[in-house]
Amino acid sequence: GAGVSQSPSNKVTEKGKDVELRCDPISGHTALYWYRQSLGQGLEFLIYFQGNSAPDKSGLPSDRFSAERTGGSVSTLTIQRTQQEDSAVYLCASTRTSGGRVTDTQYFGPGTRLTVL
Amino acid sequence: AQSVSQHNHHVILSEAASLELGCNYSYGGTVNLFWYVQYPGQHLQLLLKYFSGDPLVKGIKGFEAEFIKSKFSFNLRKPSVQWSDTAEYFCAVNLKGEGGKLIFGQGTELSVKP
Numbered sequence: 003g004a005g006v007s008q009s010p011s012n013k014v015t016e017k018g019k020d021v022e023l024r025c026d027p028i029s030g031h032t033a034l035y036w037y038r039q040s041l042g043q044g045l046e047f048l049i050y051f052q053g054n055s056a057p058d059k060s061g062l063p064s065d066r067f068s069a070e071r072t073g074g075s076v077s078t079l080t081i082q083r084t085q086q087e088d089s090a091v092y093l094c095a096s097t098r099t100s101g102g103r104v105t106d107t108q109y110f111g112p113g114t115r116l117t118v119l
Numbered sequence: 775a776q777s778v779s780q781h782n783h784h785v786i787l788s789e790a791a792s793l794e795l796g797c798n799y800s801y802g803g804t805v806n807l808f809w810y811v812q813y814p815g816q817h818l819q820l821l822l823k824y825f826s827g828d829p830l831v832k833g834i835k836g837f838e839a840e841f842i843k844s845k846f847s848f849n850l851r852k853p854s855v856q857w858s859d860t861a862e863y864f865c866a867v868n869l870k871g872e873g874g875k876l877i878f879g880q881g882t883e884l885s886v887k888p
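Going down the list, the sequences are from chains A and B. Read in order, the letters of the first sequence correspond to residues 3 to 119 in our numbering. Read in order, the letters of the second sequence correspond to residues 775 to 888 in our numbering.
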């Protein structure tokens, strides 16, 4: 079927505003990941979902960042009170699992480019 | 701390030259290994992966990589590059049996001159 999709593709916001980024994983993929790609920091893991629960949130950089997943499908990454250092490309990936274990590679979406002015 | 190191930040080659990009990781456990590629303006795509078995793995577009466990390395190779291979290449690792989060190297930008 279709690949991982993300929206919006680009988001420009002002410092201090909240933003929501959306990810639609590949149908049937129970594991979903958020990563951030920025100059100087490379690709960083943010959070992992297995179904609707997030057993690993270790990469979220501050409490301004949160994410949820509903229906085992769509996920939303929310950044509150955005700062200029939040400017980056936010990537979503999904993969299949079996018995709760990851059994395949991750397939990445096109990303959302966030610019905080 | 767990990390992945890519030795070359920017590599410039002429068409038909051979390519080898280095990747080393520091993990104590059993790992899965990946190379992803990001062509200009496109999203990350899988080039190849190693989960188990033959340590020499072949991927798309003539790329291959060899897992050398004793050296904690997973170097990417291609015998003859093309202009269309111009892209950024990322080595990544995850631990078997865990949630599968990928730890990425810093990336290597490859520029192939026609």
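Note that the Cβ used here is the ideal one computed from N, Cα and C, for glycine as well. Everything numeric in this text was worked out from a predicted model, so none of it was measured.
Item to check | For GLY53 of chain A and GLY815 of chain B, the rounded distance between their alpha carbons | outcome: Counted from its first residue, the second sequence places residue 815 of chain B at position 41. Counted from its first residue, the first sequence places residue 53 of chain A at position 51. Going by the C-alpha atoms only, they are around 31 Å apart.
Next on the checklist: Just to confirm the assignment, what range does the beta strand (DSSP E) spanning TYR92 of chain A have?
Outcome noted: Your numbering for residue 92 of chain A matches position 90 in the first sequence. Where TYR92 of chain A is concerned, the enclosing beta strand (DSSP E) stretches over 90-97.
Item to check | Members of the segment 865-876 of chain B near chain A, C-beta cut-off 7 Å | outcome: GLY871, GLY873, GLY874, LYS875 and LEU876
Checklist entry - Closest Cβ-Cβ distance between HIS784 of chain B and chain A: below 9 Å? => result Taking the first residue of the second sequence as 1, we reach residue 784 of chain B at position 10. Judged by the 9 Å Cβ criterion, HIS784 of chain B is not in contact with chain A.
Checklist entry - Applying the criterion that 16 or more other CB atoms from any shown protein chain within 10 Å of the CB defines a buried residue, is ARG83 of chain A buried or exposed? => result Working through the first sequence from its first residue, we reach residue 83 of chain A at position 81. ARG83 of chain A comes out exposed.
Item to check | DSSP state of GLU16 of chain A mapped onto helix, strand, coil | outcome: Locating residue 16 of chain A in the first sequence gives position 14, where the first residue counts as 1. In the three-state DSSP reduction, GLU16 of chain A falls in the coil class, being neither helix nor strand.
Next on the checklist: With distance defined between alpha-carbon atoms, name the residue in B:GLY879, B:PHE848, B:VAL867 and B:TRP857 nearest to GLU794 of chain B.
Outcome noted: The residue given as residue 794 of chain B occupies position 20 in the second sequence. Taking only the C-alpha atoms, the option nearest GLU794 of chain B is B:PHE848.
Next on the checklist: Could you give the first and the last residue of the continuous beta strand (DSSP E) run that contains GLY44 of chain A?
Outcome noted: Residue numbering aside, residue 44 of chain A sits at position 42 when the first sequence is read from its first letter. 44-52 is the span of the beta strand (DSSP E), which, as asked, contains GLY44 of chain A.
Checklist entry - Would a check of beta-carbon distances place LYS835 of chain B closer than 9 Å to chain A? => result Counting from 1 along the second sequence, the entry for residue 835 of chain B is found at position 61. Chain A contact via Cβ: absent.
Item to check | chain A within 9 Å of HIS781 of chain B, Cβ atoms only | outcome: Reading the second sequence from its first residue, position 7 is the one you call residue 781 of chain B. Cβ-Cβ to chain A under 9 Å: no for HIS781 of chain B.
Checklist entry - Are any of the Cβ atoms in chain A nearer than 9 Å to that of GLY827 of chain B? => result The residue given as residue 827 of chain B occupies position 53 in the second sequence. Cβ-Cβ to chain A under 9 Å: no for GLY827 of chain B.
Next on the checklist: My assumption, with CB atoms under 8 Å, is that GLN780 of chain B sits in contact with GLY879 of chain B. Please give the rounded CB distance.
Outcome noted: As a first step, residue 780 of chain B must be located in the second sequence, where it is residue number 6. As a first step, residue 879 of chain B must be located in the second sequence, where it is residue number 105. Indeed, because the Cβ distance is near 4 Å, the residues count as touching under 8 Å.
Next on the checklist: Taking 9 Å as the threshold (beta carbon to beta carbon), is GLU70 of chain A in contact with chain B?
Outcome noted: Taking the first residue of the first sequence as position 1, residue 70 of chain A is located at position 68. False, the Cβ-Cβ gap to chain B never drops below 9 Å.
Checklist entry - Starting from GLN812 of chain B and walking both ways along the beta strand (DSSP E), at which residues does that stretch end? => result Sequence index remark: in the second sequence, residue 812 of chain B carries index 38 (1-based). Taken as a continuous stretch (DSSP letters only), the beta strand (DSSP E) holding GLN812 of chain B covers 805-812.
Item to check | Cross-chain neighbours of TYR35 of chain A in chain B, by beta carbon under 7 Å | outcome: Position 33 of the first sequence, counting from 1, holds the residue named residue 35 of chain A. Within chain B, the residues near TYR35 of chain A are LYS875.
Checklist entry - Helix, strand or coil for ILE834 of chain B per DSSP? => result Numbered from its first residue, the second sequence carries residue 834 of chain B at position 60. Of the three classes helix, strand and coil, the one that applies to ILE834 of chain B here is helix, per DSSP.
Next on the checklist: Buried or exposed for TRP857 of chain B, going by 16 or more other Cβ atoms inside 10 Å?
Outcome noted: Start at 1 with the first residue of the second sequence, and residue 857 of chain B comes out as number 83. Its Cβ having fewer than 16 others within 10 Å, TRP857 of chain B is exposed.
Item to check | Where PHE110 of chain A meets chain B, residues with beta-carbon distance less than 7 Å | outcome: Locating residue 110 of chain A in the first sequence gives position 108, counting from the first residue. Simply HIS817 and LEU818.
Item to check | Counted within 10 angstroms of its Cβ, other Cβ atoms place LYS845 of chain B as buried (16 or more) or exposed | outcome: For the purposes of this step, residue 845 of chain B is taken as residue 71 along the second sequence, with counting starting at 1. Residue environment analysis places LYS845 of chain B among the exposed positions, since fewer than 16 neighbouring C-beta atoms fall within 10 angstroms of its C-beta.
Item to check | Of the residues B:CYS797, B:PRO888 and B:SER777, the one placed nearest GLN43 of chain A, counting alpha carbons only | outcome: Here residue 43 of chain A refers to the residue found at position 41 of the first sequence. Here the closest residue by C-alpha is B:SER777.
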